[in-house]
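Heads up: the sequence lines are chains A and B, in that order.
Using this note's numbering, the letters of the first sequence map in sequence onto residues 5 to 144.
Using this note's numbering, the letters of the second sequence map in sequence onto residues 339 to 770.
Ideal placement from N, C-alpha and C gives every residue a C-beta, glycine not left out.
Just so you know, these numbers come straight off a predicted model, no measurement behind them.
First the structure, in the form of structure tokens, and then the observations on it.
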Amino acid sequence: MSNIIKQLSIFVNNEPGRLAYIASMLKDCNINMRAFNLAESTEFGILRTIVDDPDTGYDKLKQKGIIVKKTDVIGVYLDDAPGSLFHSADVLGKAGINIEYGYAYTYKDKAILFIRVDNPEKAVEALKAQSIKLVDDSEI
Amino acid sequence: MFWNPKIECMPVEELKKVQYDELKTLVTKLYKYNQFYRERMDSKGVKPEDINSIEDISKLPFMFKQDLRDNYPTKMFSLPNNQIVRYHVSSGTTGKPTLVGYTEGDLAYWTEALARSFTSAGIGPEDTLQVCYGYGLFTGGLGVHYGGEKVGATVLPASTGNSERQIELMIDLGVTAIACTPSYFIHLMDVAKKMGVDFRKDTKLRKAILGAEPWSESMKKKIEEGSGVETFDIYGTSEQAGPMFTECQCHNGIHIPADIMYVEVIDPETEEVLGPGEKGELVVTMLKKEAFPLIRYRIKDITSIDYSPCPCGRTSPRIARITGRSDDMLIIRGINVFPSQIEYTLMQIPQVGDQYMIYVTREGALDNMTLQVEIKPEAFSDNMEQMLKLRHHIESELKKYLNIAVAVELKAPGELPRFEGKAKRVVDKRVI
Numbered sequence: 005m006s007n008i009i010k011q012l013s014i015f016v017n018n019e020p021g022r023l024a025y026i027a028s029m030l031k032d033c034n035i036n037m038r039a040f041n042l043a044e045s046t047e048f049g050i051l052r053t054i055v056d057d058p059d060t061g062y063d064k065l066k067q068k069g070i071i072v073k074k075t076d077v078i079g080v081y082l083d084d085a086p087g088s089l090f091h092s093a094d095v096l097g098k099a100g101i102n103i104e105y106g107y108a109y110t111y112k113d114k115a116i117l118f119i120r121v122d123n124p125e126k127a128v129e130a131l132k133a134q135s136i137k138l139v140d141d142s143e144i
Numbered sequence: 339m340f341w342n343p344k345i346e347c348m349p350v351e352e353l354k355k356v357q358y359d360e361l362k363t364l365v366t367k368l369y370k371y372n373q374f375y376r377e378r379m380d381s382k383g384v385k386p387e388d389i390n391s392i393e394d395i396s397k398l399p400f401m402f403k404q405d406l407r408d409n410y411p412t413k414m415f416s417l418p419n420n421q422i423v424r425y426h427v428s429s430g431t432t433g434k435p436t437l438v439g440y441t442e443g444d445l446a447y448w449t450e451a452l453a454r455s456f457t458s459a460g461i462g463p464e465d466t467l468q469v470c471y472g473y474g475l476f477t478g479g480l481g482v483h484y485g486g487e488k489v490g491a492t493v494l495p496a497s498t499g500n501s502e503r504q505i506e507l508m509i510d511l512g513v514t515a516i517a518c519t520p521s522y523f524i525h526l527m528d529v530a531k532k533m534g535v536d537f538r539k540d541t542k543l544r545k546a547i548l549g550a551e552p553w554s555e556s557m558k559k560k561i562e563e564g565s566g567v568e569t570f571d572i573y574g575t576s577e578q579a580g581p582m583f584t585e586c587q588c589h590n591g592i593h594i595p596a597d598i599m600y601v602e603v604i605d606p607e608t609e610e611v612l613g614p615g616e617k618g619e620l621v622v623t624m625l626k627k628e629a630f631p632l633i634r635y636r637i638k639d640i641t642s643i644d645y646s647p648c649p650c651g652r653t654s655p656r657i658a659r660i661t662g663r664s665d666d667m668l669i670i671r672g673i674n675v676f677p678s679q680i681e682y683t684l685m686q687i688p689q690v691g692d693q694y695m696i697y698v699t700r701e702g703a704l705d706n707m708t709l710q711v712e713i714k715p716e717a718f719s720d721n722m723e724q725m726l727k728l729r730h731h732i733e734s735e736l737k738k739y740l741n742i743a744v745a746v747e748l749k750a751p752g753e754l755p756r757f758e759g760k761a762k763r764v765v766d767k768r769v770i
């Protein structure tokens, strides 16, 4: 039980067919993605994904020669309503925590925002103190 | 250990006498029987009588790659076909391929040179030598093969390709020495790693004879640290015969047996002969060559000559690691850039892997150089800013060393092409 979630970050060359290749590797490794995001520079990108079993997924991908890293992120439940992002972001801002990047998805009336922050432990503490619900790693 | 101690350790003054005798005989014979070289000598007004010491070699005219091409296939040969026992065809690193013919005598000095070289590298009857140079038209495979057999090593003619099988054989047969291109050796290191094979623990491999393409001192260090093998630089081109000359165990340059090849280094612009240690274009004379002449041949390789005595006891001159070819020099926005400089710079950066590719394009009147670089898995960060910083760091290191702006693209390990023969890392797409 932890509010710190292990995200897999994968290096992807920015060329036609590369994402399909990585996707096929994820399939071969039987990895189920719950959420993902692509960040790109000119010649490469970083695929960031929340998966059902990050430790096993990490080992399997590594064996396949994929460049992958485990990164700590936190998942924040948001109401699918105006102002809910402001509430969480404001708490972190006031606690002096910097958000490096984030990505969100909505499902029915709920939304989850995955964020990478400079100090995950402190972020969890601050958000919890304001009764903001966080995703537990057992829920993934 | 020496293969031929008498000639290998002969005092320099005596060696000069041997060289002079060889040259005099050669030039006299060529003037009489070889139309191409007689005309070349006449055009410079030199006669065999003008050669009265080895230093007089500088009176002789140069030969060029173009001469071999213009006289393709056999117009330059001194001897009829019944004296020629083998052909090789050069890989044509730059431009058209050239034909090389061998008499029995040519094969003999080639093998003799390699036997001396391998012995100087400590390779002998106890060794099993895996030859991963291509067998066939390319001189590498067969040349090294016969040299290995000559010193009594057990030779495994593995040729190129099928790298997993190569590594299995290396383990099963207890291979102790390997001969291949440095880029193929790096490829084998990659494959071994994927197979879970550690060269240090799982194989008996201790020596690697690497060459046929320019490679840097930092690449050497990387290979030795990564695999635990001692590497020996080998030199020799198809025009000369094939790969022939290596470093000895002192590792301070490639020994050039003085009775087989005479070396000079010249300034490519002024054609002036340069002194010891001065870097320039190598000019070679094959003193024992029979099938066709190779006299003061402008081979275009960039190096310098060291005449100081080597602690190993050999008295032959040594040439420095080939740092490039005067014709593979790229001119980028008017600045001379050798691919070897790029390699040297990259290999100093710990996050950079072993593979890279150089692309040159022209947009309008401007040359652009793009470098694709594989990074090491450890160098990958989830933080985009860190990644961009790494890219910038590589760019600024290159800029510092080359004096031109280079665009760097970061690639994942395994993404860039691997080469089994000679590496072709430069793609010049400029249309001029």
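Beta carbon of residue i, beta carbon of residue j: below 8 Å?
i      : j      : result
B/D666 : B/I524 : no
A/E143 : A/D122 : no
B/P631 : B/I643 : no
B/L740 : B/V675 : yes
B/V427 : B/P435 : yes
B/L417 : B/E628 : yes
B/T699 : B/R768 : yes
A/G79  : A/L138 : yes
B/A451 : B/F583 : yes
A/Y62  : A/V77  : no
B/D571 : B/L543 : no
Closest Cβ-Cβ distance between residue i and chain A: below 8 Å?
i      : result
B/D510 : no
B/G574 : no
B/D720 : yes
B/E747 : yes
B/E393 : no
B/G564 : no
B/A451 : no
B/E712 : no
B/P495 : no
B/M725 : yes
B/A750 : yes
B/K532 : yes
Contact criterion: CB-CB distance below 8 Å. Does residue i meet it with respect to chain B?
i      : result
A/K73  : yes
A/G69  : yes
A/A43  : yes
A/F15  : yes
A/F48  : yes
A/E104 : yes
A/R52  : yes
Short of 6 Å in beta carbon distance, which residues of its chain neighbour residue i, apart from the five on each side in sequence? Order them along the chain.
i      : result
A/N17  : F48
B/A515 : I461, D465, L467 and K545
B/P399 : R378 and K382
A/R52  : Q11, S13 and N41
B/E712 : G691, Q693, K749, P751 and L754
B/Q587 : G460
B/G615 : S642
B/E442 : V423
B/D639 : L620, I660 and R663
Identify which residue in the options has its Cα closest to the Cα of residue i.
i      : options                           : result
A/M37  : A/S45, A/R22, A/I14 and A/P20     : A/I14
B/V365 : B/E602, B/D380 and B/H589         : B/D380
B/Y645 : B/I687, B/V601 and B/P688         : B/V601
B/K559 : B/G759, B/I594 and B/Y682         : B/Y682
B/L445 : B/Q578, B/F456 and B/P411         : B/Q578
B/V746 : B/G759, B/E346, B/Q404 and B/I680 : B/I680
B/A717 : B/M527, B/I732, B/T569 and B/D571 : B/I732
B/M414 : B/K362, B/N420 and B/D405         : B/D405
B/P606 : B/Q724, B/N342, B/Q357 and B/F402 : B/F402
A/A130 : A/K114, A/Y111, A/R22 and A/L96   : A/L96
B/R756 : B/M685, B/P411, B/G499 and B/E609 : B/G499
B/K737 : B/T708, B/N721, B/E723 and B/K760 : B/T708
A/Q134 : A/D83, A/G100 and A/S92           : A/S92
Quick one: what's got a C-beta closer than 8 Å to residue i's C-beta in the same chain, skipping five residues either side?
i      : result
B/P677 : P552, G662, D666, L668, I696, R763 and V764
B/P495 : V469, Y473, G479 and H483
B/I673 : L740, N741 and I742
By a C-beta neighbour count over all protein chains shown, 10 Å radius and 16 as the cutoff for buried, is residue i buried or exposed?
i      : result
A/A24  : exposed
B/A530 : buried
B/H730 : exposed
B/R310 : With chain B covering only 339 through 770, there is no way to say anything about residue 310 of chain B.
B/S734 : exposed
Kindly list the residues whose CB is nearer than 7 Å to the CB of residue i, restricted to its own chain and excluding five residues on each side of it in sequence; keep chain order.
i      : result
B/E360 : D597, L625 and K626
B/P349 : T653
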